[in-house]
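There are 2 protein chains.
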Amino acid sequence: MESALSSHHDKGQALLYLTDEQLRQGIEAMFFAYRGFTADPDRILAQFSYGRAHHRALHFINGAPGTTVNNLLNILGVTKQSLNRVLRSLIEDGLVESHVGKKDRRKRHLFLTVEGVKLEQKLSNAQRLRMRSAFRTAGPEAVAGFRTVLEAMMDPKMRNTYSNMRDNGS
Amino acid sequence: MESALSSHHDKGQALLYLTDEQLRQGIEAMFFAYRGFTADPDRILAQFSYGRAHHRALHFINGAPGTTVNNLLNILGVTKQSLNRVLRSLIEDGLVESHVGKKDRRKRHLFLTVEGVKLEQKLSNAQRLRMRSAFRTAGPEAVAGFRTVLEAMMDPKMRNTYSNMRDNGS
DNA sequence: TTGGAATGTCAACAAGGCTGACATAAACTT
DNA sequence: AAGTTTATGTCAGCCTTGTTGACATTCCAA
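First to last, the protein sequences are chains A and B. At position 83 of the first sequence (counting the first as 1) the number is 63 in the working numbering, and the numbers step up by one without a gap. At position 161 of the second sequence (counting the first as 1) the number is 141 in the working numbering, and the numbers step up by one without a gap.
1. Out of B/91, B/85, B/51, which one is the CA nearest neighbour of residue 78 of chain B?
2. Looking at chain A, which residues of the region 85 to 110 of chain B have a Cβ within less than 8 Å of any of its Cβ atoms?
3. Applying the 10 Å Cβ sphere with the 16-neighbour rule, what's the burial state of residue 105 of chain A?
4. Give a yes or no on whether 7 Å exceeds the smallest Cβ distance from residue 142 of chain A to chain B.
5. With the cut-off set at 7 Å, would you say residue 21 of chain B and residue 103 of chain B are in Cβ contact?
6. Using beta carbons (cut-off 7 Å, strictly below), is residue 16 of chain A in contact with chain B?
7. Flag residue 9 of chain B as yes if its beta-carbon sits less than 7 Å from any beta-carbon of chain A, otherwise no.
8. For residue 138 of chain A and chain B, any beta-carbon pair shorter than 7 Å?
9. What residues from chain A crowd round residue 3 of chain B, counting only those whose CB sits closer than 7 Å?
10. Step through the CB atoms of chain A and report whether any lies within less than 7 Å of the CB of residue 20 of chain B.
11. Could you give the DSSP three-state label for residue 88 of chain A: helix, strand or coil?
12. Is the beta carbon of residue 135 of chain B sitting closer than 7 Å to the one on residue 6 of chain A?
13. Taking Cβ-Cβ distances below 7 Å as the criterion, which residues of the region 119 to 132 of chain B are in contact with chain A?
14. Does residue 48 of chain B have its Cβ less than 7 Å from a Cβ in chain A?
15. Please decide whether residue 38 of chain B counts as near chain A, where near means a Cβ-Cβ distance under 7 Å.
16. Using a Cβ-Cβ distance cut-off of 7 Å, determine whether residue 25 of chain A contacts chain B.
17. How far does the alpha helix (DSSP H) with residue 66 of chain A in it reach, from first residue to last?
18. Since residue -2 of chain A meets chain B, which of its residues come closer than 8 Å, beta carbon to beta carbon?
19. When DSSP builds the beta bridges, which residues end up paired with residue 77 of chain B?
20. Please name the residue or residues paired with residue 47 of chain A in a DSSP beta bridge.
21. Grab me the residues of residue 145 of chain B's own chain with a C-beta within less than 8 Å of its C-beta, minus the 5 sequence neighbours each way, in chain order.
22. Does the distance from the C-beta atom of residue 9 of chain B to that of residue 129 of chain A stay below 7 Å?
23. Give a yes or no on whether 7 Å exceeds the smallest Cβ distance from residue 65 of chain A to chain B.
24. Would residue 147 of chain A pass as an interface residue toward chain B - the criterion being a Cβ-Cβ separation below 7 Å?
25. Indicate whether at least one CB of chain B lies closer than 7 Å to the CB of residue 28 of chain A.
26. What in chain A is Cβ-close to residue 13 of chain B, meaning under 7 Å?
27. What do you get for residue 125 of chain B, buried or exposed, if any count of 16 or more other CB atoms within 10 angstroms of its CB means buried?
28. Can you say whether residue 132 of chain B is buried or exposed, counting buried as having 16 or more other CB atoms within 10 angstroms of its CB?
29. Can you find a C-beta in chain B that's less than 7 Å from the C-beta of residue 31 of chain A?
30. Considering only residues of the same chain and omitting the five flanking positions on each side of residue 93 of chain A, which have a CB-CB separation below 8 Å?
31. Rounded to whole angstroms, what's the CA-CA distance from residue 52 of chain B to residue 84 of chain B? Just pull it up for me.
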C-alpha cells in the first residue's frame, strides 16, 4: 500500500516519518501498547469482579477528592447512567462515599473510603510498575516524546482537561 | 539517555521523570490519547452499525491478506467465539471472504473484498489523519520516543508479534 | 485408525456502553 | 408565592462485545 521508499530506517527520518507505513505502525503500536497498559490492573480487577470502568472512577476520584458526578462525567466521557451503575456498586461495596453538596444540594461530592484508597493503590501500583519499567527502558527523551505525541493525539477538549489536571496536580 | 533539562528545577529530569506524579501523568495521557485515537473511526463505524471489533478485524486482515482465523485470534487476543461473531457479520455483509486452505483444509484464509478494502481505507484514513497531525505537531524526535515507549509497554509476546509485522510490512 | 488440532456453532451470561423516562433540587420568571 | 426551566441524578431496558462451556465437523499426523 505504500511506496518503495520506506524500505529501511534512518534515511532521514525527518522526511520519512509521515508515510502511511509509519502511521500504520503508530496505529498498531497504540493498539498493542494500550492492551499492555491495561493488562495488569485488569487482572486485579477481575479478582474483585470489577472492570475497567470501576478502575477509571477510582482513579479520578482519588485524583480529585470531592469531585462531583458531573465533573467525573466530563472527564470519563460516558453517560451519567453508565457512570451511575459503576458508582453505585462502588458505594454499596464501601469503596466510595457520596456526600450531598452543602452550597448546592443537587450535587454529590465523591470521596474514596479507606478501602477505596487501598484498591486504588493496588491498581495504580501495578500500572505504574509497568509504566516505570517502560519509561526506564526508553529513557527520558523518549518519555518526553511519548508525552508530546499523546497530548497532540487527544481531542482538544480533553487536552485542556488533561493540562489542568497536570498543572493542579504537580 | 542524557538528561533533559526542560523543567524549572535544576535537579535534572533524569532524576525526576520517574516520580509517581510523572507516572500518573503518563497513565492519564494514555487514557485520553487512546480515546482520541479511536474517536474518528468510531464515528464512521457507527454509521455502518459496526463496532471497534469489526475495525480491528478489517485492519489486520488488510495488513495480512490470507491470514488464518487462528492467527487473527492470537493478534486480537479474544476468543474464537467473539471473533467469529464479528467475522460472520463481515462475511455476510460481503466485506470479508473466507477461503478454505488448500494445503490444510481445516484452515480458513481471510481476505477483504473490494467493499471491505473500501471501508478499511475509510477507517484508516480517518485514523491516520489524526495520527499524522499529532506526529507533525510533535516532530520526528518525539515520534521516535513515542514509538520507543509504546513498544516497551507492550506485553513481550505482543512485542514480538508487533516487530514481525513491522519487519515484514516495511 | 485414533488422537489432536483447527474451525464453527449454539447457548448463556456479564460488563459497560447507550437512550428514554422520570424525580428532585435549585434557579429563574412572572 | 407560584410556576417554569435547568441541572443533576436514578431507574429500566437495549446493544455490542467480551467471556465459558458443550459439542460437531473436518482433516492432519503418528
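Every residue gets a Cβ at the ideal spot worked out from N, C-alpha and C, and that includes glycine. As the structure is a prediction and not an experimental result, all values here were calculated from the model.
Looking at the atomic coordinates:
1. Relative to the Cα of residue 78 of chain B, the nearest Cα in the group B/91, B/85, B/51 belongs to B/91.
2. Near chain A, meaning a CB-to-CB distance below 8 Å, the residues of the region 85 to 110 of chain B are 104, 107, 108, 110.
3. Label assigned to residue 105 of chain A: exposed.
4. Contacts with chain B at 7 Å (Cβ-Cβ) include residue 142 of chain A.
5. Contact check for residue 21 of chain B against residue 103 of chain B passes: the beta carbons are separated by less than 7 Å.
6. It does; some Cβ of chain B falls within 7 Å.
7. Against chain A, the CB of residue 9 of chain B has a partner CB under 7 Å away; the residue lies at that interface.
8. Closer than 7 Å: yes.
9. Per Cβ cutoff of 7 Å: 108, 111, 112.
10. Judged by the 7 Å Cβ criterion, residue 20 of chain B is not in contact with chain A.
11. If DSSP states are grouped into helix, strand and coil, residue 88 of chain A belongs with the strands.
12. By the CB criterion at 7 Å, residue 135 of chain B and residue 6 of chain A fall outside the cutoff.
13. The region 119 to 132 of chain B vs chain A, Cβ under 7 Å: 120, 121, 122, 123, 124, 125, 126, 127, 128, 129, 130, 131, 132.
14. For residue 48 of chain B, not one C-beta of chain A is nearer than 7 Å to its own C-beta.
15. Judged by the 7 Å Cβ criterion, residue 38 of chain B is not in contact with chain A.
16. False, the Cβ-Cβ gap to chain B never drops below 7 Å.
17. Counting along the chain, the alpha helix (DSSP H) containing residue 66 of chain A begins and ends at 60 to 72.
18. Neighbours of residue -2 of chain A on chain B, chain order: 112, 115, 116.
19. Looking at the DSSP assignment, residue 77 of chain B forms a beta bridge with B/91.
20. Answer by DSSP bridge pairing, in chain order: A/90.
21. The answer, listed in chain order, is 43, 44.
22. No, these two residues do not count as a Cβ contact at 7 Å.
23. With respect to chain B, the C-beta atom of residue 65 of chain A has no partner C-beta closer than 7 Å.
24. Chain B contact via Cβ: absent.
25. Judged by the 7 Å Cβ criterion, residue 28 of chain A is not in contact with chain B.
26. Here the neighbours are 130, 133, 134.
27. Residue 125 of chain B comes out buried.
28. Classified as buried, residue 132 of chain B has 16 or more neighbouring CB atoms from the shown chains inside 10 Å of its CB.
29. No - not a single Cβ of chain B is within 7 Å of the one on residue 31 of chain A.
30. Contacts found: 74, 75, 76, 77.
31. Approximately 17 Å between the Cα atoms of the pair.
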